[in-house]
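Single-structure report; data block below.
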(Lines of atoms letter the chains of each structure in order from A and count residues from 1; the text may use other names and numbers.)
(Lines give C-alpha, C1' and ligand atoms only; values in the text may rest on other atoms or scores of the structure.)
Protein backbone atom coordinates (compact mmCIF):
# COMPACT_ATOMS: atom_id res chain seq x y z
CA UNK A 1 0.00 0.00 0.00
CA UNK A 2 1.35 3.44 -0.88
CA UNK A 3 1.93 5.97 1.88
CA UNK A 4 1.83 9.54 0.63
CA UNK A 5 3.95 12.29 2.13
CA UNK A 6 3.16 15.97 2.50
CA UNK A 7 4.42 18.52 0.00
CA UNK A 8 7.29 20.71 1.11
CA UNK A 9 7.20 24.52 1.21
CA UNK A 10 8.36 24.91 -2.40
CA UNK A 11 5.50 22.80 -3.73
CA UNK A 12 2.97 24.54 -1.50
CA UNK A 13 4.18 27.91 -2.79
CA UNK A 14 3.66 26.69 -6.37
CA UNK A 15 0.13 25.51 -5.56
CA UNK A 16 -0.68 28.84 -3.88
CA UNK A 17 0.71 30.65 -6.92
CA UNK A 18 -1.52 28.55 -9.21
CA UNK A 19 -4.56 29.34 -7.04
CA UNK A 20 -3.72 33.06 -7.08
CA UNK A 21 -3.26 33.23 -10.86
CA UNK A 22 -6.30 31.06 -11.66
CA UNK A 23 -8.70 32.80 -9.28
CA UNK A 24 -7.79 36.25 -10.57
CA UNK A 25 -8.02 35.13 -14.22
CA UNK A 26 -11.42 33.45 -13.78
CA UNK A 27 -12.82 36.42 -11.86
CA UNK A 28 -11.61 38.91 -14.49
CA UNK A 29 -12.84 36.74 -17.40
CA UNK A 30 -16.30 36.92 -15.85
CA UNK A 31 -16.07 40.67 -15.26
CA UNK A 32 -16.50 40.24 -11.50
CA UNK A 33 -15.19 42.37 -8.67
CA UNK A 34 -13.88 40.89 -5.44
CA UNK A 35 -17.12 42.06 -3.86
CA UNK A 36 -19.17 40.16 -6.48
CA UNK A 37 -17.17 37.00 -5.82
CA UNK A 38 -17.54 37.42 -2.06
CA UNK A 39 -21.31 37.64 -2.52
CA UNK A 40 -21.63 34.36 -4.42
CA UNK A 41 -19.01 32.38 -2.48
CA UNK A 42 -19.53 33.44 1.12
CA UNK A 43 -15.79 34.14 1.42
CA UNK A 44 -14.88 37.65 2.57
CA UNK A 45 -13.59 40.22 0.09
CA UNK A 46 -10.41 40.66 2.15
CA UNK A 47 -9.71 36.91 2.16
CA UNK A 48 -10.26 36.72 -1.62
CA UNK A 49 -7.86 39.64 -2.08
CA UNK A 50 -5.22 37.88 0.03
CA UNK A 51 -5.66 34.69 -2.01
CA UNK A 52 -5.27 36.57 -5.30
CA UNK A 53 -2.11 38.28 -4.00
CA UNK A 54 -0.72 34.93 -2.86
CA UNK A 55 -0.54 36.24 0.69
CA UNK A 56 -2.36 33.35 2.35
CA UNK A 57 -2.58 29.58 2.28
CA UNK A 58 -6.35 29.03 1.89
CA UNK A 59 -8.00 26.01 3.48
CA UNK A 60 -9.71 23.42 1.33
CA UNK A 61 -13.07 24.62 2.71
CA UNK A 62 -12.39 28.18 1.53
CA UNK A 63 -11.34 26.92 -1.92
CA UNK A 64 -14.41 24.70 -2.09
CA UNK A 65 -16.69 27.69 -1.32
CA UNK A 66 -15.00 29.75 -4.04
CA UNK A 67 -15.28 26.91 -6.57
CA UNK A 68 -18.93 26.32 -5.66
CA UNK A 69 -19.67 30.03 -6.01
CA UNK A 70 -18.02 30.13 -9.43
CA UNK A 71 -19.62 26.78 -10.38
CA UNK A 72 -16.29 25.27 -11.41
CA UNK A 73 -14.46 22.12 -10.30
CA UNK A 74 -12.08 22.75 -7.41
CA UNK A 75 -9.21 21.47 -9.56
CA UNK A 76 -9.59 24.49 -11.89
CA UNK A 77 -8.19 26.63 -9.08
CA UNK A 78 -5.21 24.32 -8.52
CA UNK A 79 -4.14 23.58 -12.10
CA UNK A 80 -1.04 24.96 -13.68
CA UNK A 81 -1.46 26.99 -16.83
CA UNK A 82 -1.50 24.64 -19.80
CA UNK A 83 1.55 25.15 -22.02
CA UNK A 84 2.44 23.87 -25.46
CA UNK A 85 4.99 21.64 -23.76
CA UNK A 86 6.03 20.76 -20.24
CA UNK A 87 9.46 19.60 -19.19
CA UNK A 88 10.13 17.99 -15.81
CA UNK A 89 13.75 18.25 -14.72
CA UNK A 90 15.19 15.45 -12.62
CA UNK A 91 15.71 17.93 -9.77
CA UNK A 92 12.01 18.95 -9.90
CA UNK A 93 10.33 15.56 -9.71
CA UNK A 94 8.06 15.04 -6.70
CA UNK A 95 8.49 11.99 -4.47
CA UNK A 96 5.03 10.74 -3.49
CA UNK A 97 5.79 7.89 -1.11
CA UNK A 98 7.68 7.20 2.09
CA UNK A 99 8.98 3.63 1.94
CA UNK A 100 12.59 2.39 2.20
CA UNK A 101 12.02 -0.36 -0.41
CA UNK A 102 11.02 1.90 -3.28
CA UNK A 103 10.74 5.50 -4.44
CA UNK A 104 7.88 6.73 -6.60
CA UNK A 105 8.29 10.08 -8.33
CA UNK A 106 5.36 11.84 -9.99
CA UNK A 107 6.47 13.09 -13.39
CA UNK A 108 3.05 14.02 -14.76
CA UNK A 109 0.14 13.82 -12.31
CA UNK A 110 -3.39 12.99 -13.43
CA UNK A 111 -5.11 15.62 -15.59
CA UNK A 112 -8.73 15.27 -16.72
CA UNK A 113 -7.79 16.29 -20.25
CA UNK A 114 -5.25 13.49 -20.63
CA UNK A 115 -6.70 10.67 -18.50
CA UNK A 116 -3.27 9.41 -17.51
CA UNK A 117 -0.50 9.84 -15.00
CA UNK A 118 3.18 8.99 -15.29
CA UNK A 119 5.58 7.97 -12.51
CA UNK A 120 9.20 6.93 -12.27
CA UNK A 121 9.82 4.05 -9.87
CA UNK A 122 13.10 3.04 -8.23
CA UNK A 123 12.75 -0.42 -6.68
CA UNK A 124 15.52 -1.44 -4.28
CA UNK A 125 17.22 -4.87 -4.56
CA UNK A 126 15.30 -7.79 -3.03
CA UNK A 127 12.13 -5.75 -2.51
CA UNK A 128 8.64 -5.41 -3.90
CA UNK A 129 5.96 -2.81 -4.45
CA UNK A 130 2.43 -4.12 -3.78
CA UNK A 131 -0.72 -2.34 -4.93
CA UNK A 132 -4.35 -3.19 -4.27
CA UNK A 133 -6.44 -3.21 -7.42
CA UNK A 134 -7.44 0.14 -8.85
CA UNK A 135 -10.91 1.18 -9.90
CA UNK A 136 -12.40 -0.44 -12.97
CA UNK A 137 -11.16 1.10 -16.19
CA UNK A 138 -7.48 1.54 -15.33
CA UNK A 139 -4.76 0.08 -17.52
CA UNK A 140 -1.23 0.13 -16.19
CA UNK A 141 1.89 0.17 -18.36
CA UNK A 142 5.32 -0.60 -16.94
CA UNK A 143 8.56 -0.05 -18.87
CA UNK A 144 11.81 -1.51 -17.52
CA UNK A 145 14.48 1.16 -17.92
CA UNK A 146 17.13 -0.71 -15.92
CA UNK A 147 17.26 -3.97 -14.00
CA UNK A 148 15.00 -7.01 -13.96
CA UNK A 149 11.58 -7.21 -12.30
CA UNK A 150 8.73 -9.68 -12.07
CA UNK A 151 5.19 -8.38 -12.48
CA UNK A 152 2.30 -10.20 -10.84
CA UNK A 153 -1.17 -8.96 -11.80
CA UNK A 154 -4.09 -11.31 -11.20
CA UNK A 155 -3.20 -14.51 -13.10
CA UNK A 156 -0.34 -12.82 -14.97
CA UNK A 157 3.26 -13.39 -13.90
CA UNK A 158 5.91 -12.01 -16.26
CA UNK A 159 9.57 -11.04 -15.94
CA UNK A 160 10.70 -7.80 -17.54
CA UNK A 161 14.30 -7.13 -18.52
CA UNK A 162 15.85 -3.80 -19.52
CA UNK A 163 13.90 -2.46 -22.49
CA UNK A 164 10.80 -4.64 -21.94
CA UNK A 165 7.30 -3.35 -21.28
CA UNK A 166 3.96 -4.75 -20.12
CA UNK A 167 0.36 -3.55 -20.09
CA UNK A 168 -2.27 -5.03 -17.79
CA UNK A 169 -5.70 -4.28 -16.40
CA UNK A 170 -4.92 -2.84 -12.98
CA UNK A 171 -8.22 -3.90 -11.40
CA UNK A 172 -6.58 -6.92 -9.71
CA UNK A 173 -4.00 -6.73 -6.92
CA UNK A 174 -0.56 -6.42 -8.46
CA UNK A 175 3.09 -6.49 -7.44
CA UNK A 176 6.41 -5.45 -8.90
CA UNK A 177 9.20 -7.62 -7.51
CA UNK A 178 12.92 -6.93 -7.75
CA UNK A 179 14.71 -10.18 -6.88
CA UNK A 180 18.02 -8.90 -8.23
CA UNK A 181 21.03 -7.26 -6.61
CA UNK A 182 20.65 -3.93 -8.45
CA UNK A 183 18.12 -1.12 -8.19
CA UNK A 184 15.43 -1.46 -10.87
CA UNK A 185 14.34 1.74 -12.65
CA UNK A 186 10.86 1.71 -14.16
CA UNK A 187 8.49 4.04 -15.94
CA UNK A 188 4.86 3.58 -14.87
CA UNK A 189 1.94 4.95 -16.89
CA UNK A 190 -1.64 4.66 -15.65
CA UNK A 191 -4.37 5.25 -18.23
CA UNK A 192 -7.94 5.87 -17.06
CA UNK A 193 -10.53 4.77 -19.63
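In the working numbering, the protein residues as written are 140 to 332. Even for Gly, the Cβ is constructed at its ideal location relative to N, Cα and C. This one's a predicted model, so the numbers in the text were calculated from it and none came from an experiment.
Own chain, CB closer than 6 angstroms to residue i, minus 5 neighbours either side, in chain order
{"i": "residue 287", "result": "300 and 319"}
{"i": "residue 141", "result": "Because the pLDDT at residue 141 is just 40, under 50, the model does not fix this residue reliably, and the value given afterwards should be weighed accordingly. Contacts found: 236."}
{"i": "residue 273", "result": "309"}
{"i": "residue 323", "result": "262, 286, 288 and 317"}
{"i": "residue 298", "result": "289"}
{"i": "residue 135", "result": "Lying outside 140 to 332, the shown extent of the chain, residue 135 is not represented and no answer is given."}
Cross-strand partners of residue i (DSSP beta bridge)
{"i": "residue 328", "result": "257 and 280"}
{"i": "residue 265", "result": "None, per the DSSP bridge assignment."}
{"i": "residue 247", "result": "257"}
{"i": "residue 313", "result": "270 and 292"}
{"i": "residue 297", "result": "290"}
{"i": "residue 242", "result": "261"}
{"i": "residue 323", "result": "262"}
{"i": "residue 285", "result": "324"}
Proximal residues to residue i (C-beta, below 7 angstroms), its chain only, five neighbours per side dropped
{"i": "residue 276", "result": "331 and 332"}
{"i": "residue 295", "result": "307"}
{"i": "residue 182", "result": "201, 204 and 205"}
Coarse secondary structure for residue i, derived from DSSP in three states
{"i": "residue 180", "result": "helix"}
{"i": "residue 205", "result": "helix"}
{"i": "residue 305", "result": "strand"}
{"i": "residue 166", "result": "helix"}
{"i": "residue 214", "result": "helix"}
{"i": "residue 152", "result": "helix"}
{"i": "residue 194", "result": "coil"}
{"i": "residue 160", "result": "helix"}
{"i": "residue 173", "result": "helix"}
{"i": "residue 235", "result": "coil"}
{"i": "residue 225", "result": "coil"}
{"i": "residue 185", "result": "helix"}
{"i": "residue 230", "result": "helix"}
Proximity to residue i [Cα-Cα], best of the options
{"i": "residue 234", "options": "159, 220 and 257", "result": "257"}
{"i": "residue 189", "options": "243, 158, 321 and 293", "result": "158"}
{"i": "residue 179", "options": "240, 209 and 306", "result": "209"}
{"i": "residue 279", "options": "228, 241, 305 and 220", "result": "305"}
{"i": "residue 292", "options": "311, 303, 302 and 298", "result": "311"}
{"i": "residue 151", "options": "229, 212, 197 and 228", "result": "197"}
{"i": "residue 177", "options": "205, 303 and 211", "result": "205"}
{"i": "residue 213", "options": "165, 171, 225 and 226", "result": "165"}
Contact belief for residue i with residue j at Cβ below 8 angstroms, rounded distance in angstroms
{"i": "residue 315", "j": "residue 268", "result": "5 angstroms"}
{"i": "residue 282", "j": "residue 325", "result": "6 angstroms"}
{"i": "residue 161", "j": "residue 216", "result": "5 angstroms"}
{"i": "residue 194", "j": "residue 156", "result": "In fact, because the Cβ distance is near 11 angstroms, the residues do not count as touching under 8 angstroms."}
Contacts around residue i, its chain only, beta-carbon distance under 8 angstroms, and the 5 residues preceding and following it disregarded
{"i": "residue 174", "result": "184"}
{"i": "residue 255", "result": "247, 249, 328, 329, 330 and 331"}
{"i": "residue 232", "result": "244, 245, 246 and 259"}
{"i": "residue 163", "result": "191"}
{"i": "residue 207", "result": "180"}
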